[in-house]
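Q: Numbering-wise (the numbering used here), the sequence shown opens with residue 1 and increments by one. Please see the structure below; I have some questions.
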Amino acid sequence: MKKSLLLCLCIILTYTISNAQIAVYVVDPQSLTGSLNFTWGEPGTWGTSDLNIPANSVQDTIMMVDDGTSADSLGCNSLINDLTGKIAILYRGTCEFGTKSLNAQNAGAVGVIIINHTGEPVGMNGGTDGPNVTIPVVMISEDDGAILRAGLDQGLDIIVFIGNKTGYFNHDLGMAGKDVLIPRATGNPLITSLDSSEWNIPMGAWIFNYGIDAQTNVVLTADFTGTTNVSMSSTPISSLAPGDSVWADLGTYSSSFYNGMYNIEYTISADSVDGFPGDNTFIAGTLIDSLISYARIDTATLMPVSSAHYSLTTPPATYESCIHFMDPNASRLAALGIYNSASGGANGTLVGETIEARIYEWNDVFTGFSDGNFPASPWTLNTIDNAYYSYTADLQREMVYIPFSDSIQLVDNQRYLFCAITYNASEIWMGFDSYYDYNQVLDTTDQPVSIVMADAEQYAAGFGTDVTSSVTVKVALSNTSASLFTAAITATSGEFCDPACDGFATVTALLGQTPYTYLWDDPNAQTTATAAGLCNGTYSVIVTDADGESDTAMVTFAEPSSAPVFTLSATSTEFCNGDSVWVTASAVPQGVYTWSTGDTTETIAIDSVGTYSVTVTNCGGTTTEYITFTVPSAPPVFTVSASETIMCVGDSVTLSASNVSQGLYVWSTGDTAQSIVVTDTGTYTVNVTNCGGTSNGSITLVLPDLPIATITGNVEYCSGDSIVLFAGNEPSATYLWSTGETTQSLTVSTQGSFTVTVTNCAGSDQATEGVSFYPSPSVIMDVNGQTTFCDDGGTTSLQLTAFASGGTPFTYVWSNASTSMSIILDSVSETGDYYVTAYDICGASVMSDTAVVLIHESPTASTVSVTNASAIGMSDGAIDAAVSGGTPPYIYFWNDPNSQASEDATNLLIGTYQLVVTDANNCTGSLTETVGNATSIELDLNVGRLNALPNPSNGKFIVELRDLNNDEYSFEIRNILGQLVYVETLKGNAVQDLSIDLTESEKGVYLLTISNSKGKRTEKLVIY
């Protein structure tokens, strides 16, 4: 299979998104227990041990680092606190990840948790010190880090587990590879699919048992949330042994109705409570009309997701990350542009880098991977359009949109490649989504998904089945698709004979704007989706949507054109004479039934064997069908059941043999009834005889084992509510609670300890469980930043975070109506008093202290006019500035040689100047302006021309040499003190251009002397 091509690609992996068995898990205290989303440094750029190996896991108390500086726990210098046996907690920023981690390791730490300073965890390159770090290093999100930090600030001892959780919990199910939900890239089913046969999604997930014990009755559920809420569940898996995995198949989800977006969520359940529920639920993402994507769509931003970025170990000149698309209804679409994300860039920034978006027609002919015609590289590709995106900001790992100049009409059943291209492959890494297992997609569709192209080589499955390109195409309805609104007859009563007039028909509207109106052309002009009481004939219905678009559907009713078709069914076709069975002929419109027995109903009773016929007549003709009944040809088949198979002596148990025709029952007890009652253990047999012969069956009743008492149910609940405690289900047992109740379950509404004694004939056992009310809620507000500061356009901000304790989960309402856990303030309009009210699961609320926030307006400086200097060296330039906003009075500072302190600056040389304005609140504004527009120096030394430019400059000059002879030329540059800072000698016809770099020199005026045998010339150069 051609999928093997992808294995020859070597990729650079600097980090891994957390997978199902590797976890960062808060073990204690219980109020913080749970899993954290994380990335981790893999072996390669780090010296850390492989976290996939359980022996490399660590579990210890966490501690913030202290490097003796004023920086908050960055760990960029040698640490002054002892971290022996601890897991270090520190923040991202300032220095390399490897440097921070090595400092923690040298202080005795057994692991490192890095808190991202903004957003979710990102990839971590070890840098220079990474290979020397041997302890596990992970990164967690800003929000999770804030929770851990708040707990440490409250004096909590927090224990965290990092590593492979296989065998860590008794009961631990998890999802690993998942079906991607979009095997045809039909991320916009509204447009590309008009009925359920076109939009169908294979559903399922791999389920792993990472725990110590076997799991029973394992079920996978998928919930679709959209116009209608749909839930699909797998057949229960009776038992899943430790270390085993299973593919839970949900079948195919199909729908004719679609509102433009669906959210999909997978959930695993089983008999036992999962010790690590963090990987029991999987948010599968969002399907949305306007995007074609194999990556997840974020449910909040509705943008594609890049969870990782990849490049090639040996970068080619050109590197293309692509997705494949082909659809039988593609002509309904027009491609508008491509989304892509990237990371890296020259000097670690994307500023100045360019990404190309390109659409190819893939014109090789094949049906799939397994087709012998699947093409070898190079493929037949035809570029049909492209566009470019040049980065003006360092948007690392952020989705950017690259629009085409015109919309591109797509064609039905044409293969396309949508690609993002970099021509700086050694510096740029492209975005991929590593959240799904694409083996299932490839096996289901046999089609390429994510393509990688390196120069002239193409690889049909990219970086393998672990990841797919997050390149995403934005699409819209094309001009040829304006009539997608349709109406169709979806249900009718079928044919019938006149004059019954009992027909009905239902019309369904698709892809229009609700509400719809209906108008039938029947005599009653019915105005509902279903018209009833219709006679034979043809009817039409006009359906109009809220936008005024309309469509017409038609239905015809006619008398049957042929004799009726029906079937015969019976409760049994074998019985003994003297017994009876029921036989039924299926319904026929206006049918008249005549049985060989003389009966005229659809259903009759038969009490003797033989062949029977029924003739059914209606306006279409007459049909006769036959059915034969016989006596049994073999002894009866039956089952033996018991109301209980485990019992104590003296208990009453009912034994039953299933019913057989004319059966005679003889039990080993001597009883002859079909069901008997016994009071002792042992094996019981029964012989059953009828006209077919005799057969026997048996069942064994046994004594119970010693009971095991258990109590399940919530142990914390809201005051005023009640909870139910369950005492298990032990055979032949009695239950006695400490409250006196003797039921299996106990309803309680108070706090305290409750004991149940479970007793059967084998003995007794007790279990005790304590229950309590959720504690009264409390909340603290964490203030991260100064509460009084200047509005500088977002560079400075204040973050307020609520941390509540009590009955989780909490909801938050801030004084500015925000309902998030944290708010960020950075503008003048957000000045005010801030507090947060936390509501616990019981509805109880508590209010935090108030933070008084004062954000000052900053002054704004603008240029009124600029007067250029009259010549190089002349101090007659000027800048006229104006200042507004902020709070007067203002302090002015110009960076000219005289450090002018006025609003305007005068007596300026050619150069660039900055004004910084400080107001009464110490808020600042600035402007930068350039005086002068001097041209280059041109020198005529009788033997050719030289041109130095630009002048003034930042220290870099180009001297153009033209029409020089073979004479020797000397170049000298001195500062105004006469010190030589540059010298060069060359033959006139040896070079065309001379580059001079004085960027390390001081700003000011320099003298350039150029000489040859004919003479010399000295001119000024200005460095600003």
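The C-beta atom is built at its ideal place from N, Cα and C for all residues, glycine as well. In this text the structure is predicted, and so the values were computed from the model without any measurement.
Given a cut-off of 8 Å, decide if Ala146 and Thr837 are closer than it, judged by their beta-carbon atoms.
A: Along the sequence shown, read from residue 1 onward, the residue named residue 837 stands at position 837. Along the sequence shown, read from residue 1 onward, the residue named residue 146 stands at position 146. With a cutoff of 8 Å on beta-carbon distance, Thr837 and Ala146 are scored as not near each other.
Q: Three-state secondary structure (DSSP) at Ala104?
A: Here the question's residue 104 lines up with position 104 in the sequence shown. Correct three-state label for Ala104: helix.
Q: Applying the 10 Å Cβ sphere with the 16-neighbour rule, what's the burial state of Ile891?
A: In the sequence shown, the residue the question calls residue 891 occupies position 891. It is exposed - the Cβ of Ile891 has fewer than 16 other Cβ atoms within 10 Å.
Q: From which residue to which residue does the beta strand (DSSP E) around Ala146 run?
A: Residue numbering aside, residue 146 sits at position 146 when the sequence shown is read from its first letter. No beta strand (DSSP E) holds Ala146; the alpha helix (DSSP H) holding it covers 142-153.
Q: Taking the C-alpha atoms as reference points, what is the distance between Ser818 and Phe169?
A: If you number the sequence shown from 1, residue 818 lands on position 818. If you number the sequence shown from 1, residue 169 lands on position 169. Going by C-alpha positions, Ser818 is about 38 Å away from Phe169.
Q: Which class does Asn1012 belong to by DSSP, given the choice of helix, strand or coil?
A: Here residue 1012 corresponds to residue number 1012 of the sequence shown, with the count starting at 1. DSSP places Asn1012 in strand when its eight states are reduced to three.
Q: Give the DSSP-derived three-state secondary structure of Ala587 in the structure shown.
A: As a working note, residue 587 is residue 587 in the sequence shown. DSSP places Ala587 in coil when its eight states are reduced to three.
Q: Name the two residues that bound the continuous beta strand (DSSP E) containing Lys987.
A: Translated into positions along the sequence shown, residue 987 becomes position 987. Looking at the DSSP string, the run of the beta strand (DSSP E) that includes Lys987 is 980-987.
Q: Please work out which residues of its chain come closer than 7 Å, Cβ to Cβ, to Glu903, disregarding the five sequence neighbours upstream and downstream, and give them in chain order.
A: In the sequence shown, the residue the question calls residue 903 occupies position 903. Excluding residues within five positions, the ones whose Cβ falls inside 7 Å are Ala881, Val883, Tyr892.
Q: Comparing alpha-carbon positions, which option in Thr1018, Thr985, Ser953 lies nearest Arg974?
A: Mapped onto the sequence shown, residue 974 falls at position 974. Out of Thr1018, Thr985, Ser953, Thr1018 has the C-alpha closest to the C-alpha of Arg974.
Q: Is it buried or exposed for Gly843, if we count other Cβ within 10 angstroms and need 16 for buried?
A: As a position in the sequence shown, residue 843 is number 843, starting the count at 1. Exposed: under 16 other Cβ atoms inside 10 Å.
Q: Taking all protein chains shown into account, decide if Ala727 is buried (16 or more other Cβ within 10 angstroms of its Cβ) or exposed.
A: Here residue 727 refers to the residue found at position 727 when the sequence shown is read from its first residue. Classification for Ala727: buried.
Q: Using a Cβ distance threshold of 8 Å, determine whether the region 82-90 contacts the region 107-124, with at least three qualifying pairs required.
A: yes
Q: Helix, strand or coil: which one does DSSP assign to Ala546?
A: Stepping through the sequence shown from its first residue, residue 546 is reached at position 546. Ala546: coil per DSSP, three-state reduction.
Q: Within 10 Å of its beta-carbon, does Ala346 have 16 or more other beta-carbons around it, so buried, or fewer, so exposed?
A: Along the sequence shown, read from residue 1 onward, the residue named residue 346 stands at position 346. With fewer than 16 other Cβ atoms within 10 Å, it is exposed.
Q: Measure the C-alpha to C-alpha separation of Ile135 and Thr795 and round it to an integer number of angstroms.
A: Against the sequence shown, residue 135 aligns to sequence position 135. Against the sequence shown, residue 795 aligns to sequence position 795. Approximately 35 Å between the Cα atoms of the pair.
Q: Under the three-state reduction of DSSP, which class applies to Phe404: helix, strand or coil?
A: Taking the first residue of the sequence shown as 1, we reach residue 404 at position 404. Strand, per DSSP.
Q: One question on the structure: do Ser470 and Ala295 come within less than 8 Å of each other, judged by their Cβ atoms?
A: Numbered from its first residue, the sequence shown carries residue 470 at position 470. Numbered from its first residue, the sequence shown carries residue 295 at position 295. A contact, by the Cβ cut-off of 8 Å.
Q: Taking DSSP as the reference, what is the three-state secondary structure of Leu825?
A: Along the sequence shown, read from residue 1 onward, the residue named residue 825 stands at position 825. Leu825: strand per DSSP, three-state reduction.
Q: Rounded to whole angstroms, what's the CA-CA distance from Pro277 to Gly123? Just pull it up for me.
A: Counted from its first residue, the sequence shown places residue 277 at position 277. Counted from its first residue, the sequence shown places residue 123 at position 123. Using only the alpha carbons, I get a separation of about 25 Å.
Q: Please report the residue range of the beta strand (DSSP E) in which His171 lies.
A: The residue labelled residue 171 in the question sits at position 171 within the sequence shown. Run containing His171: none; DSSP gives neither H nor E here.
Q: Assuming Gly75 contacts Ala104 under a Cβ cut-off of 8 Å, what Cβ separation, rounded to an integer in Å, is found between them?
A: In the sequence shown, the residue the question calls residue 75 occupies position 75. In the sequence shown, the residue the question calls residue 104 occupies position 104. So it is a contact: roughly 6 Å between Cβ atoms.
Q: Assign Cys419 to one of two classes, buried (16 or more other C-beta atoms within 10 Å of its C-beta) or exposed (fewer than that).
A: The residue given as residue 419 occupies position 419 in the sequence shown. Per the 10 Å Cβ criterion, buried.
Q: Which word fits Ala456, buried or exposed, when buried means at least 16 other C-beta atoms lie within 10 angstroms of its C-beta?
A: Here the question's residue 456 lines up with position 456 in the sequence shown. Ala456 is exposed by the Cβ-count criterion.
Q: I need the DSSP call for Thr567, collapsed to helix, strand or coil.
A: What you label residue 567 is simply residue 567 of the sequence shown in a count that begins at 1. Three-state DSSP puts Thr567 in coil, outside helix and strand.
Q: Would DSSP call Ser78 helix, strand or coil?
A: For the purposes of this step, residue 78 is taken as the residue at position 78 of the sequence shown. Looking at Ser78 - three-state DSSP - the assignment turns out to be coil, as it is neither helix nor strand.
Q: Within the chosen definition, does the region 654-672 reach the region 681-688 through at least 3 CB pairs nearer than 8 Å?
A: yes
Q: Can you name the start and end residues of the beta strand (DSSP E) that Ile841 belongs to?
A: Here residue 841 corresponds to residue number 841 of the sequence shown, with the count starting at 1. No beta strand (DSSP E) contains Ile841, which DSSP labels as neither H nor E.
Q: What are the start and end residues of the beta strand (DSSP E) that includes Arg974?
A: Position 974 of the sequence shown, counted from the start, is the residue given in the question as residue 974. Arg974 -> beta strand (DSSP E) spans 968-975.
Q: Given a cut-off of 8 Å, decide if Asp446 and Ser377 are closer than it, judged by their beta-carbon atoms.
A: Here residue 377 is taken as the residue at index 377 of the sequence shown, counted from 1. Here residue 446 is taken as the residue at index 446 of the sequence shown, counted from 1. In this structure, Asp446 does not lie closer than 8 Å to Ser377 by Cβ.
Q: Starting from Trp737, trace the beta strand (DSSP E) in both directions and tell me its first and last residue.
A: The residue given as residue 737 occupies position 737 in the sequence shown. From DSSP, the beta strand (DSSP E) with Trp737 extends over 734-737.
Q: Report yes if the C-beta distance between His324 and Leu381 is below 8 Å; otherwise report no.
A: For the purposes of this step, residue 324 is taken as residue 324 along the sequence shown, with counting starting at 1. For the purposes of this step, residue 381 is taken as residue 381 along the sequence shown, with counting starting at 1. Contact: no.
Q: As a quick exercise: from Ala531, Cys501, Ala342, Ser641, pick the residue whose alpha carbon is nearest that of Ala558.
A: Residue mapping note: residue 558 aligns to position 558 of the sequence shown, counting from 1. Comparing Cα positions, the closest option is Cys501.
Q: Under 8 Å: do the region 822-836 and the region 744-761 share three or more Cβ pairs, one atom per stretch?
A: In short, these stretches do not touch, since the Cβ pair count stays below three.
Q: Cβ of Ala563 within 8 Å of Cβ of Gly610?
A: Position 563 of the sequence shown holds residue 563. Position 610 of the sequence shown holds residue 610. No. Outside cutoff.
Q: Applying the 10 Å Cβ sphere with the 16-neighbour rule, what's the burial state of Trp362?
A: If you number the sequence shown from 1, residue 362 lands on position 362. So Trp362 ends up on the buried side.
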